[in-house]
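Novice: There's a structure below that I have some questions on.
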Amino acid sequence: MSGFPRPRWPRLAEVGGRLDWTRLRYLGSRLFGEASTVARSPGELPNPKVLPPGQRVYAVGDIHGRVDLLSRMLDLIRTHEAKAPSAANTMVFLGDYVDRGPSSREVIDRLLAFGKEHRSVFLMGNHEEALLRFLVDPRDGLQWFRLGGLQTLASYGIDIDALHFGVGPKGVRTAFLAALPEAHREFFLTLELSRSIGEFFFCHAGVRPGVELGAQAPHDLIWIREEFLTWRGDFGMMIVHGHTPVAEPELLPNRVNVDTGAFATGRLTCAVIEGSEIRFLST
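This is the structure in structure tokens:
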């Protein structure tokens, strides 16, 4: 495990069967060290929420190891920016950069390079949380592997066949730590859970109805589904999320879903938000 101490890790703290996010971030910091498609027609929000004047947000859905689609999307965004300049653009990536697709490492490289040139917000997805859980305690590896972690390991040059020859999860974790570039470690450790811009609230999965947006549990922000998806009330802000694949991007009175299942469909979607209008770019 080149460059890293080999501490003896305590068991991952759990609260009610859910990940203790503060504990995970603390353990992770010890572990790592501190660290082309034409835009669709605009949709007027039924219950208009707005961005401040002069601001525009590009919110990109789940990428899942598809660096080919990410490259095409970034080209679409650059073209859109050039044709319609804005005073202040912010790029929000909604999480699930890794797993399933073949190029998770390359996706992180592209995002890091893009983030150096553009104001960017990178949010935590449930797949990044599963990756971190594995690094903190490899006994959580089976869950991550089932989610597509084996494809992520392969993209970092880890011989996943070693799992069948007695290396075990601890050995795989050691190899993964050695293969992770320092910039990637810092990227995973500094992912945000949510971001508010104007009257829009960005997170990976959604929010729990009845809970103030500032008091949302980390587990809900990156894992929630049915309770959020079936809620028809006003959340106070427009929620922009991914996590649950849909055939077409959803524009509803209280939320916008831009996860169009890029890994399986070849279609990566981005919401372009300006004022009270939303347009969609898709590969």
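Residue 89 in our numbering sits at position 68 of the sequence shown, with consecutive numbering throughout. Here a beta-carbon is modelled for each residue, glycine too, at the ideal position from N, C-alpha and C.
Using a 10 Å radius around the Cβ and a threshold of 16 neighbouring Cβ atoms, would you call residue 293 buried or exposed?
Specialist: buried
Novice: Below 8 angstroms on the Cβ atoms is my contact criterion, and I expect residue 162 with residue 193 to pass it. Report the Cβ-Cβ distance as a whole number of Å.
Specialist: 7 angstroms
Novice: Is the Cβ-Cβ distance between residue 290 and residue 270 less than 8 angstroms?
Specialist: yes
Novice: Identify the continuous alpha helix (DSSP H) that holds residue 305 and give its terminal residues.
Specialist: Residue 305 lies beyond the stretch modelled for the chain, which goes from 22 to 304, so this question has no answer here.
Novice: Going by the CB atoms, is the gap between residue 113 and residue 149 shorter than 8 angstroms?
Specialist: No; because the gap between Cβ atoms is not below 8 angstroms, this pair is not in contact.
Novice: What's the C-alpha gap between residue 213 and residue 247?
Specialist: 23 angstroms
Novice: If you check the beta carbons only, do residue 227 and residue 245 fall under 8 angstroms apart?
Specialist: Contact check for residue 227 against residue 245 passes: the beta carbons are separated by less than 8 angstroms.
Novice: Could you compute how far the alpha carbon of residue 254 sits from the alpha carbon of residue 69?
Specialist: Note on geometry: alpha-carbon atoms of residue 254 and residue 69 lie some 14 angstroms from one another.
Novice: What does DSSP give as the partner residues of residue 112 in its beta bridges?
Specialist: 79 and 141
Novice: With DSSP as the reference, label residue 129 as helix, strand or coil.
Specialist: Shown here, residue 129 sits in a helix according to DSSP, grouped into three states.
Novice: Can you tell which of 127, 141 and 167 has its C-alpha closest to the C-alpha of residue 177?
Specialist: 127
Novice: Which runs of the alpha helix (DSSP H) spanning at least 4 residues fall entirely within the region 208 to 287, listed in chain order?
Specialist: Restricted to the region 208 to 287, the alpha helix (DSSP H) segments that are unbroken, complete and at least 4 residues in length are 239 to 244, 247 to 250 and 283 to 286, listed in chain order.
Novice: By the DSSP assignment, the alpha helix (DSSP H) with residue 15 in it spans what residues?
Specialist: Nothing can be reported for residue 15, as the shown portion of the chain is limited to 22 through 304.
Novice: Using 8 angstroms for Cβ pairs, my map puts residue 116 next to residue 146. What's the rounded Cβ distance?
Specialist: Their Cβ separation, rounded to whole angstroms, is 3 angstroms, which keeps residue 116 and residue 146 in contact under 8 angstroms.
Novice: Quick check on the burial criterion: 16 or more other C-beta atoms within 10 angstroms. Buried or exposed for residue 283?
Specialist: buried
Novice: Name the residue from 91, 231, 143 and 180 whose alpha carbon lies nearest to the alpha carbon of residue 125.
Specialist: 91
Novice: Cα separation between residue 54 and residue 298?
Specialist: Annotation note: pLDDT 44 at residue 54 (below 50); position unreliable, no value reported.
Novice: To the nearest angstrom, how far is the alpha carbon of residue 189 from that of residue 108?
Specialist: 52 angstroms
Novice: Buried or exposed for residue 74, going by 16 or more other Cβ atoms inside 10 Å?
Specialist: exposed
Novice: Would residue 281 and residue 267 qualify as a contact pair, given that the criterion is a beta-carbon distance under 8 angstroms?
Specialist: yes
Novice: Since I believe residue 152 is in contact with residue 209 (beta carbons under 8 angstroms), could you give me their beta-carbon distance rounded to a whole number of angstroms?
Specialist: Contact flag correct, Cβ pair sits at about 7 angstroms.
Novice: When burial is assigned at 16 or more other CB atoms within 10 Å of the CB, is residue 138 buried or exposed?
Specialist: exposed
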